[in-house]
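The letter at position 73 of the sequence shown is residue 73 when you use full-length UniProt numbering, and the numbering goes up by one with no holes. Heads up, the beta-carbon is just placed ideally off N, CA and C, and yes, glycines get one too. As structure tokens, the structure follows; a few thoughts come after it.
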Amino acid sequence: MGSGDPADTSGTEDRAEDRTEADAPADGSADAAPDTVGTAAGTGTETEPGTETETEAGTGTEEPVAVEAGADADSASDPAPAGEAPDTALGDGAGDGEEPPGDEPPARGRWRGWRDRYPVAARTLAWTTSVLAAALVLFALLMPSQADKFQPAEFLRLPVEAIIGAALLIVLPRVPRIALSVLAGLALGVLTVLNLLDIGFNEYLGRGFNVVLDWSLFADAQSYLQDTFGHGGALGIAALVVVLVIAVLALMTLSVVRLGNLAARNTQQATRTTLVLAVAWVTCSALGVQNTGMPIASEQTATVVQDRAEAVRQTLRDEAEFAKIAKKDKFANTPPSQLLTDLRGKDMIVAFIESYGRSAIEDPVMAPGVDATLTAENEKLTQAGFAAKSGWLTSATYGGSSWLGHSTFLSGLWISNQQRYRTVTAGDHLTLVGAFKKTGDYDTVGVMPGIQKGWPEQNFYGIDKLYDAFHLGYKGPKFSWSTMPDQYALAAYERLVHSKKHDKPLMSTIILTSSHQPWAPIPETVPDDQVGDGSVYKAIEKAGKRPGDIITSSPKSKVEYGKSISYSVTSLIDFLVKHGNKNTVLIYLGDHQPIARVSGDHASRDVPVSIVAKDPKVLDKIADWGWTDGLQPEHDAPVWKMDSFRDRFLTAYGSTPHP
1 MGSGDPADTS GTEDRAEDRT EADAPADGSA DAAPDTVGTA AGTGTETEPG
51 TETETEAGTG TEEPVAVEAG ADADSASDPA PAGEAPDTAL GDGAGDGEEP
101 PGDEPPARGR WRGWRDRYPV AARTLAWTTS VLAAALVLFA LLMPSQADKF
151 QPAEFLRLPV EAIIGAALLI VLPRVPRIAL SVLAGLALGV LTVLNLLDIG
201 FNEYLGRGFN VVLDWSLFAD AQSYLQDTFG HGGALGIAAL VVVLVIAVLA
251 LMTLSVVRLG NLAARNTQQA TRTTLVLAVA WVTCSALGVQ NTGMPIASEQ
301 TATVVQDRAE AVRQTLRDEA EFAKIAKKDK FANTPPSQLL TDLRGKDMIV
351 AFIESYGRSA IEDPVMAPGV DATLTAENEK LTQAGFAAKS GWLTSATYGG
401 SSWLGHSTFL SGLWISNQQR YRTVTAGDHL TLVGAFKKTG DYDTVGVMPG
451 IQKGWPEQNF YGIDKLYDAF HLGYKGPKFS WSTMPDQYAL AAYERLVHSK
501 KHDKPLMSTI ILTSSHQPWA PIPETVPDDQ VGDGSVYKAI EKAGKRPGDI
551 ITSSPKSKVE YGKSISYSVT SLIDFLVKHG NKNTVLIYLG DHQPIARVSG
601 DHASRDVPVS IVAKDPKVLD KIADWGWTDG LQPEHDAPVW KMDSFRDRFL
651 TAYGSTPHP
């Protein structure tokens with residue numbers, strides 16, 4: 001037990017319970033009376049006045065109090081009640097038994113000396129520390145899991161967990177009490193860390209942290225930080241996170257231990273306070289008392305623990321259930337001759353635009369610029385003889401984890417987490433790319449500048465030839481996470497693939513990355529004859545904004561995000577107008593909405609999708625879909641789940657189901 005609160009070092013619990021803080025000297029100082037010493041439990045021996053020994057709190061007494069022979073040793077070693085000498089600032093002091101002053105640790109001796117010289121300051125520090133410990137525990141018990149819910153009303157509530165915990169700590173003997181305090185503090189620290197992760201995941205991915213599946217995402221987060229802030233910046237942030245986690249665990253544990261010791265030293269007062277709070281909680285719960293819509297009687301932590309346990313069970317069940325779903329495919333046994341019969345001879349391009357969501361088209365900050373771009377690019381298409389139809393798809397992911405959106409769209413399965421992604425990519429489920437490949441009439445190509453390491457999923461998707469970040473000949477700078485500008489990636493695709501003579505039409509999957517967060521710096525469009533090996537972008541990257549310029553500002557992030565979407569759409573449509581022909585069919589869509597800082601809290605998961613072609617027969621096949629003419633879907637255009645697109649598309653273009 002630490003020192004810092006007025007205390008009496010009585011040798012028995014009975015005498016200790018009769019003492020209150022009012023028994024202490026009026027000035028509250030430790031040296032207001034000559035120091036005397038109580039005896040060790042069970043000895044019945046009283047020491048000489050003026051000789052100082054230590055109780056558990058490590059303090060001298062103000063008047064000699066002997067312990068009756070045969071008294072319970074636990075009683076003598078338990079913390080004394082109110083009236084004890086001031087407690088230490090951090091927690092429990094010495095253990096059972098006496099510790100002669102000459103043998104005490106140097107730090108403890110220095111603290112004792114300072115406390116004796118400045119008793120009022122010491123007592124103030126001790127009580128301030130106790131108040132902060134209580135505030136920290138209450139904050140952890142009432143802390144919401146979403147940043148937008150941090151309102152004063154959230155913390156003006158009575159957590160039932162604190163009341164139950166206080167009751168247990170009051171009645172338990174010293175050793176079990178300390179053990180429970182440590183375990184409860186660690187558990188509360190872990191829950192606090194998980195709540196902080198929930199806040200981050202809700203902000204970036206629109207969902208809470210999954211304790212079973214999401215640990216693998218930390219490697220991607222580290223890669224993103226390194227690409228955005230450099231190696232040194234990423235290491236610094238990682239170190240800060242580690243220190244924060246350790247600090248939360250340590251401070252929460254020390255806080256609970258301290259509060260437990262304080263309750264044990266002031267049993268009567270703590271009991272009365274706990275009973276009053278318990279009655280208040282029951283009353284508020286029974287009457288449904290609320291403060292600005294929040295129930296005063298809180299069970300938040302218990303509910304969070306229950307929800308996490310259920311989420312774990314559901315995650316484990318989902319693995320087996322999804323494996324069965326993935327085996328069902330209405331086109332799995334369709335003969336090649338009955339697949340995509342109405343698109344034979346067409347050069348197909350499926351292009352994903354990173355973070356291209358509904359908010360880009362409808363948010364009042366971003367929409368004016370993006371809508372103007374879509375109008376201008378649509379005019380270019382019309383002049384070149386192309387037409388387009390557009391609608392909405394609800395993505396399986398939000399804010400990030402783009403591969404979940406890609407796999408959902410191409411597989412026709414709802415791939416909403418990493419476990420499902422691993423399951424489906426380890427199997428042979430037919431993808432949209434795989435369907436074209438299965439016909440035997442297409443060469444399949446992937447242009448994926450975001451891939452910077454081995455990618456075994458290539459075989460699952462049915463991609464014959466993959467061009468990743470290292471196979472596109474780029475010699476320019478990275479633009480934060482994006483390895484190269486979209487204009488360059490498309491120019492490389494034209495140079496390395498599209499312009500070459502092929503025996504078969506192409507089925508190309510292209511993933512554009514320039515609109516990936518943090519949206520600084522953003523590339524600029526350069527004349528085609530200046531693209532070269534990408535060196536021209538060095539000056540553009542150097543002159544652009546830095547991530548730190550916008551990353552903490554929602555308005556700035558929205559503006560730059562809108563610019564990045566305009567750049568990506570312009571790059572793609574310009575490529576199509578310059579290099580497409582009557583046999584080119586382009587399907588392009590967003591993979592997910594941007595993070596909440598840009599798309600807004602509680603934004604939908606909708607992304608725009610467009611099909612563009614010069615041959616009118618291509619769009620005639622989807623006339624009954626109800627999509628909007630042009631590149632910009634109307635607000636009330638049909639909204640489908642992203643996993644439904646594959647089957648609708650295969651059916652519309654002549655594929656016959658054979659489950």
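- By the criterion of at least three beta-carbon pairs nearer than 8 Å, the stretch 541-561 is not in contact with the stretch 460-468.
- Within the model, the alpha-carbon separation for SER499 versus PHE649 is close to 27 Å.
- Put simply, the stretch 574-586 touches the stretch 482-502. At least three CB pairs are less than 8 Å apart.
- When secondary structure is reduced to three states using DSSP, LEU589 falls in the strand class.
- VAL607 carries a strand assignment under DSSP once its states are collapsed to helix, strand and coil.
- When the five nearest sequence neighbours on each side are left out, the beta carbons in the same chain lying within less than 7 Å of the beta carbon of TYR224 are those of TRP481, in order along the chain.
- The beta carbons of SER535 and GLY476 sit closer together than 8 Å.
- Of all C-beta pairs linking the stretch 559-569 to the stretch 371-381, three or more are shorter than 8 Å, placing the two stretches in contact.
- Out of LEU589, LEU432, ALA520, the CA that lies nearest to the CA of TYR653 is found in LEU432.
- Shown here for ARG344: same chain residues with a beta carbon closer than 7 Å to its own, the five before and five after excluded, namely ASP441 in chain order.
- By the criterion of at least three beta-carbon pairs nearer than 8 Å, the stretch 180-194 is in contact with the stretch 298-317.
- Shown here for GLY562: same chain residues with a beta carbon closer than 6 Å to its own, the five before and five after excluded, namely MET366, GLY369, VAL370 in chain order.
- Within the same chain, VAL193 come within 6 Å of VAL245 by CB-CB distance, once the 5 residues on both sides are set aside.
- For ILE170, the CB contacts under 8 Å within the same chain, skipping 5 residues up- and downstream, are ALA263, ALA264, THR267, ALA270, THR271, THR274 in chain order.
- The C-beta of GLN530 has fewer than 16 other C-beta atoms within 10 Å across all chains shown, which makes the residue exposed.
- If you draw a straight line from the Cα of LEU277 to the Cα of VAL289, it comes to about 14 Å.
- At a Cβ-Cβ threshold of 8 Å, VAL598 and SER359 count as neighbours.
- In this structure the stretch 202-216 does not touch the stretch 279-296; the number of beta carbon pairs closer than 8 Å is below three.
- Within its own chain, the residues whose Cβ lies closer than 6 Å to the Cβ of GLU560, once the five positions on either side in sequence are excluded, are TRP519, ALA520, ILE550, listed in chain order.
- With respect to the C-alpha of ASP443, the residue from LYS504, ARG495, ALA135, PRO523 having the closest C-alpha is LYS504.
- Here the C-alpha atom of PHE409 lies approximately 17 Å from the C-alpha atom of ILE622.
- For GLN290, DSSP records a beta bridge to PRO295.
- Bounds of the beta strand (DSSP E) holding PHE352 are 347-353.
- When secondary structure is reduced to three states using DSSP, THR425 falls in the helix class.
- Within the model, the alpha-carbon separation for ILE565 versus ASN417 is close to 26 Å.
- Per DSSP, the continuous alpha helix (DSSP H) segment holding ASP486 begins and ends at 486-493.
- In this structure, the straight-line span from the alpha carbon of SER514 to that of SER411 is close to 25 Å.
- Judged by DSSP in its simplified three-state form, TYR118 adopts coil rather than helix or strand.
- In the DSSP assignment, the residues bridged to ASP629 are LYS389.
- Closest in alpha carbon position to LEU631, among VAL424, HIS592, SER401, TRP392, is TRP392.
- 8 Å or more divides the Cβ of VAL585 from the Cβ of ALA388.
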